Every structure is written in C-alpha cells, then in structure tokens.
C-alpha cells in the first residue's frame, strides 16, 4: 500500500507494509537514524518524532497512521535551527547521547506549546523520555536556557 | 627517546596484577602545580561531539547500515533451564529472505566453545541464530524454528545456599581476632539487608555489525573495550590482530555491561563470514534487560562492635551473592575491609550458583552492594552509641589501606564530610523530623564512598600538529558517555598552549593501534590523560625548538599559550601559525605512554553523600528531595562533565535505592520484569535537587596530572544515604533495598 508522508519537509510516497512501524521506515528505508530504537514498546521516548507538530512514539505508530501527515525528525529539527541542541550542548545535557534526539524532540514540542515552561511543566512534559545516564538536571537547565530563563 | 621496560602493578576494580610497562623518560612530566594558572584544564568545556550527538548525526553501532547488510536475531531459552527437544532448522532455512541459520550443533567456523546450546543453563541463553534480508524476514525465520523445550527446574538461591552450590569456594578474609573484639565490644549492632539485582539498562542495547573483506574483519561493536574485542575476535577466527578492526565511535551507554566482543560480535562475524554479507545483530529491549547483565542480588549481615568512644573494635560480614552461572566475585567485602579503621575484621562471601546469566560489572560492582549495607549498620551503631552519624565516621577515619598496610596516595575524605555537611545543612537535620504541613516524614542521612580509580599503565596516545596549528589527539578511548575524549582534547590543548577549538581527540577505533584500556574501573582519566599530556609535551618541545629557529630566539625565552608565541621579555608576540605555517605538508608528531603508579601507595577515591528524603506514610512512597555529593578524585579536568558524572551516578543510585529490582519467577527462573514499563529506572520526575562539589586538589603522588577517575564513585554511597535518611525520618529500616512502597508500608506497620 502506498503511504504518502512528508518527512522533514520532503514528500515521500512509500510502498510499504502498512503495519510496519514508522520508526522502522524512518531508520531502515529513509536512513534517518537519528531517531532511536530504545525499547520498541513506547516506554522510553528515544523514538520520539513530531507528527503534525505533536510528539509521538514512532516505535508504536503503524506507518499507515502517518499517511497524509507531516513527520519531523531530529534531522529536520537540526536543519531548521539548532538553538535547542546548542542549549543541550552548552549545559552538558547529554552524556552517551543516545536518548538526546528524543529529548530534543519532546522539548521542541514543549516549547512550541509553552514558550516559557516552569520546572514543573518541564518535568511533566519530559517524564516519558528516559535518560539512563541521568542527565536530567542538565536537561531541565537546557530547556530553561533555550526558553530564555534563569537556569540557576 | 630512552625507552625502558619496567615491572609495575596494574589495578582494575580492586584486582591487582603485575605488568611490564614501557617507560620513556621523556614521558615523565611534572604535575602542574596547584597554583599554576591553567587556561583549559579545570575550566568547564562542552563536549567536542555534543552537537553531533544532540543533532542525531552520531552513528552508534545500531545505526550502522551497510549495502547488503543482513539482520540477525537470536532464539533464546524461554525459561532458565531446559533442553531443546525439537528445532526445525530446515523450515527456518526455507523461510523467504533467510540467508543463514546456525543451531546448537552449528555449523560454526569459529574456534572455541559455541555461544549456542541445546541445553540452556540460564534464562535467555542463546540457542540458535538467524540472519535474513530484513528484520521482518528474520522474525519469520525465528518463528519457523518452532522450538520445543523440556523444562527443567531452575537452580533456586536458598536451596543453593543450603546445598553449598557455589560457583567457586566461598571467600573468607580475616584480620586480627574479630570474635574476641565483637564479644568484648562496648556496643554491638547487627543488620541484615538484601540488595537487588540491578540491571545496567543502557539505552543502546548490546549490538554488533560485522563485515568481512577477504580475510579481514571489521566489527562495529557497542563495547567498552575495543582492544579486548579485537583480541577475542582474532583468537576466535584465527586472525592476526591487524586483520581485525573494531570500531566503537559512539556508544549508547554501557555502565559495565559491554565488555569485549560479546556474543553479538562473535555471532555477527560468524554469520557475515558464512553468508559473505555484512550482518547486524542488535538485542531488543527485553533481551537487553534479561541477558545484558546485572549487579548481583545480595543478602548481607553486618555485625559491628565498637568501643564507647565510637571507634570500631570488630566487624563481621557474611554476604550471600546470587552469581547466576558464574563470573568474577566482585569486591562486596571491600567496604568492611577498608573504609574504616578496624583491626579485627572477618568478611565472608558465599557465591551461590543460580540460573541467571553470569553476573557482570555494573558501575562500582561489589562496592555499591557492600556500602549499601555497611553504611546502614554504621548509622545503627551511631544510634546505639548516641553519636552523630558523621561524627562516628570521622572517628573511624583511616589514612592507610589496611589490607596492604600502604598509605593512600592522597585522601581528603574529612574535607568531603565537612563540605557535604555544610552544603546539606547537616547541623539542622533533626529539625526535619518536626511535623510537616504536607503530612510527609522527612529525614537526612549520610554515607561514605570508597573506590579505586587510580588507573595505570598501559595507556598510550599520539598527538599530531599540522601547519595550520591544529592538533589531532589519537587515543583508544571508548567514550561511553563520560566525555573522556573531551578531557583528552583539553589536556592536549593545555599542554600545547592552543585554544580548545584547534584540538580534536579521536578514539573508539583499533586501526591506529594506539592502546587505551577498557572504559571501566574509573581508569580512563587517570590512565590515558597522562599519556595524552606526555605526547603533547613532546610536540610542544619540538614546536618551541622550531620556533626558536624561525624567530631567531632561544627556545628557553619563548612561552606558548592561547595559540601565541611570546618572548619572556614581551618584545615578541606572534600567532603560532607563523611557525607551523612553514611546515607545509609535514607534521609534528609525538607519542606518550602512561608511566607506572608510584610504589608504596594505594590509590583510591573517596567521598560523602548526604540525602534528604520525604516519606508518605499513607502510600509508602519515598521521594528523594535533595542529594549533596562531595567527592575527592584529585584534579578535576572538566568541571562540567564531572558534575554530569556525579549527577548521573546519584540518579542511578536513586533507582537502586527506590525502584530498580529485577524480579525472577521462582518456577521458571526467568525474569518477569524485563521491560522499561515494569523495571523502573528513574525519570526526570524522580530527580531531586543534586548539589555536587569536589575537593579538587591534585594527588601529588600521582604522575603527570594528579587526576583520578570519577565514573564509579558517585553511585557508591547514594542508596545507603537514602536508606539512612529514611531511617532518620521514620525510625525504621526496610529488610531490603529498594525501598518500594510495599516494603516501606511493611516497615512502618
């Protein structure tokens, strides 16, 4: 079944099994490996992408569900301006970095809806993104920094 | 260069071995003095590869995609012990897209024991492996195997203890006369506590990609030890080391779990060899949680006897360790043997064999478990004596390693206590126990940290400076997320007198054949950074000599910093490119080797953490509100990454203290919570305020940098401090860690 998806602003018509997960199509068919497979069960947030601007777990989403919709991955965010990524780097909000694309995607969605989030709002919005290295204190600071707020 | 080979000692997580070390007198540089005004080292620096990682451009092993690459999946034992009674290899081979199937009987070209078995002895042990064109085809092939198993009863822990079913002889370490000391003590406490099986859970699972070109093998492996992996692959496939290239450029976490080649690289290389196509084998999340490894479950009983002044008269430890099917016995007894002054100690460790995979390393293996119980017993002793818990620890301070009798190279633990108490508001801790409007019970507890972290040889580095005055530092470092490559960049920039952006550090590849040790044992900074500095120092000396020629001034009259050459009289001030620009396509090269550690010392790291918790007596939920972490690891190279390491260690310690526990089904021996929704690692919502500080005084007895390792120390005391804070808040202790709501409610009942 052909599936039409806009990925990072580019139109794709893909001939794929409709039940394949969006994550697998992004990584294996489109070579967009910035989006990570952390658990495949929607429990870690490493696979977060934006679907029409809203964060979703791409490891659970059948690709057919994205038909006719716009997907933004970390590669698209990096291309459109890296202010949030730069804040993550400046605050050292990443260690191994494997969860970081998902963190950046979730933070992007947060800042789109809440330009100056409180610490509580940050924690509520980011709680689905596991960082096993434990960069959480600095992830919070990075989001505060990117939204022009005091980090201390 | 005046090379010599000398005998020295190497330490890895408390194991000592004699090694020959290549020593070059020119590698011996003096430690930067305390008062030296360093330009780069000691100032916060973001990671050199930060944007690559944050922008999703970093290629981890699971991201490697090669033309024609096959995808491999493993059939695993669905219970802990069983026998395969049927396996339809032919159907699997006939499945569309399947290119290779290997069963317990092979076929295998590699040497040595097969990683596959028809008689699994542990949960998740590999039985067969399949490689196919797509992951979907591999899944179909796996289903076509249609295995049946005769299920055997798992080896249970308690029965194993009764039957003395050990992986090796129990260990007993005795010093002095602990029986008499405990019998004659003025105060005596005994505490028994269980600690959980704790799963490393790296976000990137164990994974490997293998590609053969003729008789040469390239293996991308998510590993902490590229040289160990190279040696293992060369031995298994009858290759010379130079025929094997192991690449581990980006690693999505490891925490001790990713050693050597692993089964993944062996099987991927085997499948790639027989199919003639590249093969990727990456574990799924559930596989990772079940077979990736774990810190062992323990049950420890600690008995402490003290004189009325609080000094320890005697200590006894009896520790039962659930080893799974084997593995090295981690130093669970080390804390009772070394953390406090005590002449009379007995430590017994009983390594019980069960039906989980062999235990493996997880960040400060053994010592986390030991400290978690000993430090709770210390607080019980403080209560029995009516002493302040920190004061009790101060009274038992020791400046020598009691096992060897050697002095520590440096130890500023007392300063850690003072600073942590100040930052935590320790003096006001009892006010926390007053009733709170929110109905929560609050308390504050402390714990002491000890670990090794002195590093040692062998470790090497090369530095190459080009005509644009850009330097490339080549190491064998596996940067598993600690930021050690950035530290290498900083050390080289400091020594070369170049701005940070002109230096870049490489690692994670065996091809240059520049050896670094495994990224474990908190040894990368203390082992590799001195080699980096020595290599950079040689380049600096050559550069100054060339500058003297070009600028017609004595090299002794020149200073190099910030990318500029200046004469001491101030008359000359030029960009270093004025000199390097004359190199054309030539480069200035230097190599450095880590020298031996000083004889006559033990090198350890120390620290103190203080936790504040809030306990909900209605739900049993414990919340960590604040953790103060103060550690003495010598010189801090990069304060930014160092605070990140400390925060990460504390957060993993919070998981160990409150929520992480691998639970095994007693009827099957198989873990029941091998997923992220039921094995609960901390999230950002669980994060307390974490206050980090370091003593940050270089170890004057450590060569070259005076820096020790920091990867492991911060996780060591966290759970104990939290359990002690819980006891301070409630007056109770749980019989086991983690402090789950069920255990808390039971303790409060």
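Protein chains in written order, with my numbering: chain A, 1 to 152; chain B, 1001 to 1749. Glycine included, C-beta positions come from ideal geometry on N, C-alpha and C. Please read all numbers here as calculations on a predicted model, not as lab measurements.
Simplified DSSP assignment, three categories, for residue i
{"i": "residue 1274 of chain B", "result": "helix"}
{"i": "residue 1609 of chain B", "result": "strand"}
{"i": "residue 1169 of chain B", "result": "coil"}
{"i": "residue 1082 of chain B", "result": "strand"}
{"i": "residue 1582 of chain B", "result": "helix"}
{"i": "residue 1655 of chain B", "result": "helix"}
{"i": "residue 1446 of chain B", "result": "strand"}
{"i": "residue 1726 of chain B", "result": "helix"}
{"i": "residue 1216 of chain B", "result": "strand"}
{"i": "residue 1475 of chain B", "result": "coil"}
{"i": "residue 1461 of chain B", "result": "strand"}
{"i": "residue 100 of chain A", "result": "helix"}
Within chain B, the residues that residue i reaches when beta carbons sit closer than 7 Å
{"i": "residue 47 of chain A", "result": "Under the 7 Å cutoff, chain B gives no residues; its nearest Cβ is about 11 Å from residue 47 of chain A."}
{"i": "residue 100 of chain A", "result": "1053 and 1054"}
{"i": "residue 74 of chain A", "result": "1055 and 1056"}
{"i": "residue 11 of chain A", "result": "Neighbours of residue 11 of chain A on chain B: none; closest Cβ ~21 Å, over 7 Å."}
{"i": "residue 94 of chain A", "result": "1050, 1053 and 1054"}
{"i": "residue 85 of chain A", "result": "1051, 1054 and 1055"}
Chain-ordered chain A contacts of residue i [CB-CB under 7 Å]
{"i": "residue 1301 of chain B", "result": "Result: empty, since nearest Cβ-Cβ is about 31 Å, beyond 7 Å."}
{"i": "residue 1046 of chain B", "result": "89, 90 and 92"}
{"i": "residue 1457 of chain B", "result": "Correct list: empty, because the minimum Cβ distance to chain A is about 27 Å."}
{"i": "residue 1644 of chain B", "result": "92, 95, 135 and 138"}
Alpha-carbon spacing of residue i relative to residue j, whole angstroms
{"i": "residue 42 of chain A", "j": "residue 24 of chain A", "result": "14 Å"}
{"i": "residue 1273 of chain B", "j": "residue 1656 of chain B", "result": "41 Å"}
{"i": "residue 44 of chain A", "j": "residue 1677 of chain B", "result": "9 Å"}
{"i": "residue 1109 of chain B", "j": "residue 1275 of chain B", "result": "12 Å"}
{"i": "residue 1206 of chain B", "j": "residue 1287 of chain B", "result": "9 Å"}
{"i": "residue 951 of chain B", "j": "residue 1491 of chain B", "result": "This structure leaves residue 951 of chain B out entirely; chain B is present only between 1001 and 1749."}
{"i": "residue 1623 of chain B", "j": "residue 1682 of chain B", "result": "11 Å"}
{"i": "residue 1391 of chain B", "j": "residue 131 of chain A", "result": "36 Å"}
{"i": "residue 1600 of chain B", "j": "residue 1408 of chain B", "result": "9 Å"}
{"i": "residue 1027 of chain B", "j": "residue 1584 of chain B", "result": "27 Å"}
{"i": "residue 140 of chain A", "j": "residue 1119 of chain B", "result": "49 Å"}
{"i": "residue 1516 of chain B", "j": "residue 1226 of chain B", "result": "9 Å"}
{"i": "residue 151 of chain A", "j": "residue 136 of chain A", "result": "13 Å"}
{"i": "residue 1527 of chain B", "j": "residue 1008 of chain B", "result": "14 Å"}
Residue i burial status per 10 Å Cβ neighbour count (16 or more: buried)
{"i": "residue 1525 of chain B", "result": "buried"}
{"i": "residue 1016 of chain B", "result": "exposed"}
{"i": "residue 1 of chain A", "result": "exposed"}
{"i": "residue 53 of chain A", "result": "exposed"}
{"i": "residue 1324 of chain B", "result": "buried"}
{"i": "residue 1319 of chain B", "result": "buried"}
{"i": "residue 1020 of chain B", "result": "exposed"}
{"i": "residue 106 of chain A", "result": "buried"}
{"i": "residue 95 of chain A", "result": "buried"}
{"i": "residue 1427 of chain B", "result": "exposed"}
{"i": "residue 1411 of chain B", "result": "buried"}
Listed by chain order, chain A residues near residue i by CB distance under 8 Å
{"i": "residue 1684 of chain B", "result": "122, 123, 126, 127, 129, 131, 136, 139 and 140"}
{"i": "residue 1641 of chain B", "result": "92"}
Partner residues on chain B for residue i, Cβ-Cβ distance less than 9 Å
{"i": "residue 41 of chain A", "result": "1285, 1286, 1675, 1676 and 1677"}
{"i": "residue 81 of chain A", "result": "Going along chain B, no residue has its Cβ under 9 Å from residue 81 of chain A, so there is no contact; the nearest lies around 11 Å."}
{"i": "residue 112 of chain A", "result": "Correct list: empty, because the minimum Cβ distance to chain B is about 18 Å."}
{"i": "residue 78 of chain A", "result": "1051, 1054, 1055, 1056 and 1057"}
{"i": "residue 104 of chain A", "result": "1054, 1055 and 1056"}
Amino acids of chain B, ordered along the chain, whose beta-carbon sits closer than 8 Å to that of residue i
{"i": "residue 71 of chain A", "result": "Here the premise fails: no neighbours, minimum Cβ distance about 14 Å."}
Chain-ordered neighbours of residue i on chain A, where CB pairs are closer than 9 Å
{"i": "residue 1378 of chain B", "result": "Ordered by position in chain A, no residue passes the 9 Å Cβ test against residue 1378 of chain B, which lies about 26 Å from the chain."}
Using a beta-carbon distance cut-off of less than 9 Å, what residues from the region 19-39 of chain A approach chain B? 20, 24, 27, 28, 31, 32, 33, 34, 35, 36, 37, 38 and 39
Give the residues from the region 55-66 of chain A that approach chain B closer than 7 Å (Cβ to any Cβ), ordered along the chain. none
Near-chain A residues of the region 1591-1606 of chain B (beta-carbon distance less than 9 Å), N- to C-terminal order: none
Please list the residues of the region 1343-1354 of chain B that have a C-beta atom closer than 9 Å to any C-beta atom in chain A, keeping them in chain order. none
If you measure beta-carbon to beta-carbon, which residues of the region 1525-1555 of chain B are closer than 9 Å to chain A? none
Can you pull out the residues from the region 1482-1493 of chain B whose beta carbon lies closer than 8 Å to at least one beta carbon of chain A? 1482 and 1483
Members of the region 1689-1703 of chain B near chain A, C-beta cut-off 7 Å: 1690
Residues of the region 1186-1213 of chain B with a CB closer than 7 Å to any CB of chain A: list them in chain order, please. 1201, 1202, 1203 and 1204
Given a limit of 9 Å on CB to CB distance, which residues of the region 1229-1262 of chain B reach chain A? 1250, 1251, 1252, 1253, 1254 and 1255
Identify each residue in the region 1458-1480 of chain B for which the Cβ-Cβ distance to at least one residue of chain A is less than 9 Å, and report them in chain order. 1479 and 1480
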